[in-house]
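**Student:** Its first residue numbered 925, the sequence shown is counted upward by one per residue in the working numbering.
For glycine and all other residues, C-beta sits at the position ideal for the given N, C-alpha and C.
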Amino acid sequence: MTRSGIRAGGLNLPTTCTFIESVPMPPENHLVLYTGRCPAKFRFPEDNFVEEDGSINMATIGTYPGGDFNASSRAWYFTTEYETADIYRRYATTQCPNEVTWIIRIAILQQLGATLRTEESWWSHEFREFVWYTHNLFTPGGRAERATNASLALHFLCYVLVSLAHMSSFAHFFI
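#1: The alpha helix (DSSP H) spanning Ile1011 covers which residue range?
#2: For the beta strand (DSSP E) containing Arg961, list its first residue and its last residue.
#3: Touching or not, the region 1004-1024 and the region 952-962, by the rule of three or more beta carbon pairs under 8 Å?
#4: Using the three-state DSSP reduction, which class does Ala1003 fall into: helix, strand or coil?
#5: Classify Thr1025 as helix, strand or coil using the three-state DSSP reduction.
#6: Whose C-beta lies closer than 8 Å to the C-beta of Gln1034 among residues of the same chain, with five residues either side of it excluded?
#7: Would you report the Cα separation of Pro950 and Arg961, rounded to the nearest angstrom?
#8: Could you round the C-beta distance between Ile980 and Phe966 to whole angstroms and report it? I think they count as a contact, below 8 Å.
#9: Can the beta-carbon of Arg998 be found closer than 9 Å to that of Ala1016?
#10: Let me confirm a value: Thr1025 is counted as buried when at least 16 other C-beta atoms fall within 10 Å, else exposed. Which label applies?
#11: Rounded to whole angstroms, what's the CA-CA distance from Asn972 to Thr987? Just pull it up for me.
#12: Apply the 10 Å Cβ neighbour rule to Thr1018 and answer buried if 16 or more other Cβ atoms are within range, or exposed otherwise.
#13: Applying the criterion that 16 or more other CB atoms from any shown protein chain within 10 Å of the CB defines a buried residue, is Pro989 buried or exposed?
#14: If I measure Cβ to Cβ from Gly978 and keep anything under 6 Å in the same chain, skipping five residues before and after, which residues do I get?
#15: Would you call Ile1032 buried or exposed, if buried means 16 or more other Cβ atoms sit within 10 Å of its Cβ?
Next up, the structure:
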């Protein structure tokens, strides 16, 4: 058990795992992303985030379609800023006051990032149009349509991973 109350075999963790109380330095040549979450609010709370064999079950932290950036598919929302992830984690404590909350850090090998089809969108009419379409479960049209085929969408608020095929072989995960 850690000082924060997390224990092996607890919610979403395998029976044997190693806890590190201090955050290790990110590996070189990696893009580091964070998200703040409450395991009780995971998409599939009955499933483990970390499986018994040590593999990561990303489906547990995926979002339902109809979010701001994902009209018809799951997406995973992350930020490059630890402080922003901590704000989301603190918000999760208001939603789950009697539960443990986590900041999940993933470090993605930059060579993987270079192979992903990436689209950037910043605050603009096109961005607002894209969010309107996806939030209302419509496939974006017009200028906003090109972002629907991206594997990684970079928005001014967050990183949205839309495709996670073979992610676990290219990423390091820390909770």
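**Tutor:** According to the structure shown:
#1: Ile1011 -> alpha helix (DSSP H) spans 1006-1019.
#2: 954-961
#3: The answer is yes - the region 952-962 touches the region 1004-1024, with three or more Cβ pairs under 8 Å.
#4: Note that residue 1003 is Thr in the sequence shown, not Ala. Secondary structure at Thr1003: strand, using DSSP grouped into helix, strand and coil.
#5: coil
#6: Asn953, His954, Leu955
#7: 20 Å
#8: 12 Å between Cβ atoms; not a contact.
#9: no
#10: buried
#11: 16 Å
#12: exposed
#13: exposed
#14: none
#15: buried
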